[in-house]
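In the numbering used here, the protein residues as written are 382 to 624. All C-beta atoms, glycine included, are put in the ideal place defined by N, C-alpha and C. Bear in mind that the values here come from a model prediction, so they are computed numbers and not experimental data. The structure appears below as structure tokens.
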Amino acid sequence: MEKLKAQLEELLTRLENATELRAKVKELVSIYPFSEYEYIISHLLASKKLSLDEYYQLRNDYLDRNLYLYLFEISAPRGFGELWAHGHLKELVPSLQRPSKQTDPNYSGEYDFFLSPNIRIEVKASRAVEFRSSAPLYLKALASDSQKQFDMNFQQIKPACCEVFVWLAVWRDVIKHWVIPSYEVENNRNYSKGQHRGNIGEGQLHLNKDNIHEFDKYLVQAKDIEAAIRAAFKREKRLRKHG
DNA sequence: ATAGATCGGCCGATGGACAA
DNA sequence: TTGTCCATCGGCCGATCTAT
């Protein structure tokens with residue numbers, strides 16, 4: 382949005398009456414779907430200072446930069462974490478099974494997916510939003526090249542309940558996937574094992590601008606997630622045995 | 001700045017009521 | 001019995017606040 386604003390401001394300078402229009406925009410009252418953007422673009426088009434091709438370019442660039450902005454409009458944690466994140470992963474890896482009492486008699490919701498023959502998987506998702514801002518999510522959503530600070534808190538992490546973690550992070554323009562053996566989450570230097578009463582075995586891990594690159598080695602392209610899960614499972618087995 | 005506690009939100013498991 | 005609907009509510013979800 383900021384970039385679009387800057388682009389439009391740049392385009393405005395093509396107008397002879399730019400100052401006048403800026404003043405009008407300032408006073409402008411809009412109701413959805415009308416907006417200051419549509420207002421400025423209309424003026425540019427009408428005065429032939431913006432060609433249709435340029436308009437398409439502007440529009441497509443914005444779409445590319447904000448492909449996943451709609452995900453920031455989901456307000457309920459479970460709507461995002463359970464409905465979207467699980468659904469998204471299931472699309473990428475159709476062989477993931479939803480566990481139930483049928484597939485695992487002891488199952489009681491402690492992990493999210495099962496991959497044959499015996500891999501338990503926990504999915505965690507978070508969105509990149511500007512740290513310490515109280516604006517709505519979709520307004521403080523960050524682009525992946527943003528220099529602003531963020532705090533993605535992966536919580537209720539229970540390393541004993543799964544062999545492999547799949548973490549998803551959403552920016553306005555990209556979705557990143559990490560695949561990590563449970564052991565390596567539990568022993569990561571950023572993992573804090575909250576051990577207050579009733580919370581034993583549960584921890585959290587804050588990802589931010591400064592430590593996120595420590596996890597780059599776990600980053601996986603969407604098409605490689607299943608293979609990565611299987612590899613992580615093997616590694617998990619070895620680590621639990623030999624440390 | 002960081003660890004971890006708290007919060008509102010609501011999914012989905014569960015079970016009772018009822019029909020066929 | 002089997003299937004469907006509906007209301008209840010425990011617990012899981014991640015965002016954000018608090019204490020250190």
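Cα-Cα separation, residue i to residue j
i	j	result
Lys618	Leu444	43 Å
Arg403	Leu448	29 Å
Gln483	Val504	21 Å
Lys384	Glu463	32 Å
Asp526	Leu496	34 Å
Val410	Ser416	8 Å
Ile593	Glu390	34 Å
Arg395	Gln388	12 Å
Ser514	Tyr564	34 Å
Ala516	Ala399	30 Å
Leu393	Lys529	27 Å
Pro570	Leu439	In the sequence under discussion, the amino acid at residue 570 is Arg, which differs from the Pro named in the question. About 43 Å.
Pro562	Glu544	6 Å
Pro414	Lys386	17 Å
Gln478	Trp465	16 Å
Arg446	Ser476	31 Å
Asp605	Val474	9 Å
Glu567	Pro480	23 Å
Asn492	Asn499	First, the amino acid is wrong: residue 492 is Tyr here, not Asn. Roughly 12 Å between the two C-alpha positions.
Cys542	Lys405	59 Å
Asn441	Phe453	20 Å
Met533	Leu549	10 Å
Leu588	Glu472	25 Å
Lys590	Glu408	37 Å
Tyr418	Glu435	15 Å
Ser456	Glu583	24 Å
Leu586	Glu595	12 Å
Arg616	Val551	26 Å
With 16 other Cβ atoms within 10 Å as the buried cut-off, status of residue i
i	result
Gly460	exposed
Tyr451	exposed
Ile412	exposed
Phe531	buried
Ala509	buried
Arg553	buried
Phe614	buried
Ser573	exposed
Tyr627	Nothing can be reported for residue 627: it is not among the residues displayed for the chain, which extend from 382 to 624.
Arg621	exposed
Glu401	exposed
Ser507	buried
Gly468	exposed
Sheet register partners of residue i (DSSP bridge)
i	result
Phe535	Leu586
Arg501	Phe495
Tyr572	Leu586
Lys557	Ala550
Ala457	Paired residues: none, contrary to the question.
Pro414	Note: Pro414 sits in no beta bridge, so no partner.
Gln478	Phe495
Ala522	Val510
Val545	Ile502 and Pro562
Cβ-Cβ separation, residue j to residue i (assumed contact under 8 Å), whole Å
i	j	result
Phe494	Ile502	4 Å
Leu426	Val547	Going by Cβ atoms, the distance from Leu426 to Val547 rounds to 45 Å, so no, they are not a contact pair.
The segment 602 to 622 in contact with the segment 533 to 541 per 3-pair CB rule at 8 Å: no
Meets three-Cβ-pair contact criterion under 8 Å: the segment 589 to 605 and the segment 555 to 568: yes
contact_flag[the segment 418 to 429, the segment 486 to 499] where n(CB pairs < 8 Å) is 3 or more: no
The segment 519 to 530 in contact with the segment 426 to 435 per 3-pair CB rule at 8 Å: no
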